[in-house]
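Worksheet: one structure, shown below.
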Amino acid sequence: MKPRTAHQSLTINTEVVLPNDTNHVGNLFGGKLLQWVDITAAIAAQRHCGRVVVTAAINHVSFDNPIKQNSVVTLEAKVSRAFTSSMEVYVDVWVENPVTGEKTKCNEAILTFVAIDQNGAPLPVPQLIAETDEEKKRFESALRRRQLSLILGGRMKPEEATELKALFVVD
Ligand SMILES: CC(C)(COP(=O)(O)OP(=O)(O)OC[C@H]1O[C@@H](n2cnc3c(N)ncnc32)[C@H](O)[C@@H]1OP(=O)(O)O)[C@@H](O)C(=O)NCCC(=O)NCCS
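Next up, the structure:
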């Protein structure tokens, strides 16, 4: 399978926060944001591998700033690393000032998707080529996040997580 660049998976989704999307204090409801994040990231993963994908894990979501009703929200997703059948996807969430057009980063999410066949069995995916400095940084750190996710999911023993352990070893 021919490796593909991160940019080839770029998926951009723009939404407006409508009254039905808000919580009890008038800001975007976190569950609604997660829905947008999951769909945008899934499309990025599908663009990378050309297969049907399922969400295997939501590895990290940060809600750094509240997003007010009527805000224009842009979600940008790209595959950050591909393994055998799984792909890590990063989603950057921006809020746009409707008057000035200025964009502020509000959230970040990291998810893992797996390519599957018609029986739900995992399928191999192309490797990822990281080009920009940010893509390279995310590519490098993806192995640690994968090990942490597998430990939390009960799929890896902590002592097997060599990449993760290296973070905590002091010379
Ligand atoms: C994800 C799923 C396809 C994995 O199937 P499986 O039979 O366990 O397959 P495997 O053990 O071979 O794992 C497949 C890949 O998923 C990865 N994976 C599974 N769980 C993971 C987790 N919690 N975090 C990170 N990666 C995970 C494995 O590391 C493996 O990656 P690799 O092939 O790149 O090495 C299966 O668990 C599934 O269908 N889950 C439900 C998905 C779903 O319905 N999502 C919608 C939201 S509810």
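Position 136, counted from 1, in the sequence shown is what our numbering calls 134; the numbers after and before it change by one each time, with no gaps.
A virtual CB, placed ideally from N, CA and C, is assigned to each residue, including glycine.
- Item | Alpha-carbon to alpha-carbon, residue 70 and residue 13 | For the purposes of this step, residue 13 is identified with residue 15 of the sequence shown, where counting begins at 1. For the purposes of this step, residue 70 is identified with residue 72 of the sequence shown, where counting begins at 1. Approximately 6 angstroms between the Cα atoms of the pair.
- Identify every run of the alpha helix (DSSP H) within the region 66 to 128, keeping only runs that are complete inside it and at least 4 residues long; order them along the chain. none
- Message: Any heavy atom of ligand 1 closer than 7 angstroms to the beta-carbon of residue 139?
- Response: On the sequence shown, position 141 is the one that residue 139 refers to. No - ligand 1 has no heavy atom lying nearer than 7 angstroms to the Cβ of residue 139.
- Message: Taking 7 angstroms as the cut-off, is the C-beta of residue 82 nearer than that to any heavy atom in ligand 1?
- Response: Your numbering for residue 82 matches position 84 in the sequence shown. Under cutoff, so the answer is yes.
- Euclidean distance between Cα positions of residue 31 and residue 53: As a first step, residue 31 must be located in the sequence shown, where it is residue number 33. As a first step, residue 53 must be located in the sequence shown, where it is residue number 55. Distance between the alpha carbons of residue 31 and residue 53: 16 angstroms.
- Task: Determine the closest residue to residue 43 out of 27, 6, 139, with distance taken between C-alpha atoms.
- Result: Here residue 43 refers to the residue found at position 45 when the sequence shown is read from its first residue. Checked all of 27, 6, 139; the closest Cα to residue 43 is 6.
- Query: Between the region 60 to 69 and the region 32 to 42, do at least 3 Cβ pairs fall closer than 8 angstroms?
  - Reply: no
- Between residue 167 and ligand 1, is the CB less than 7 angstroms from at least one heavy atom? Mapped onto the sequence shown, residue 167 falls at position 169. It does not: the Cβ of residue 167 is nowhere closer than 7 angstroms to a heavy atom of ligand 1.
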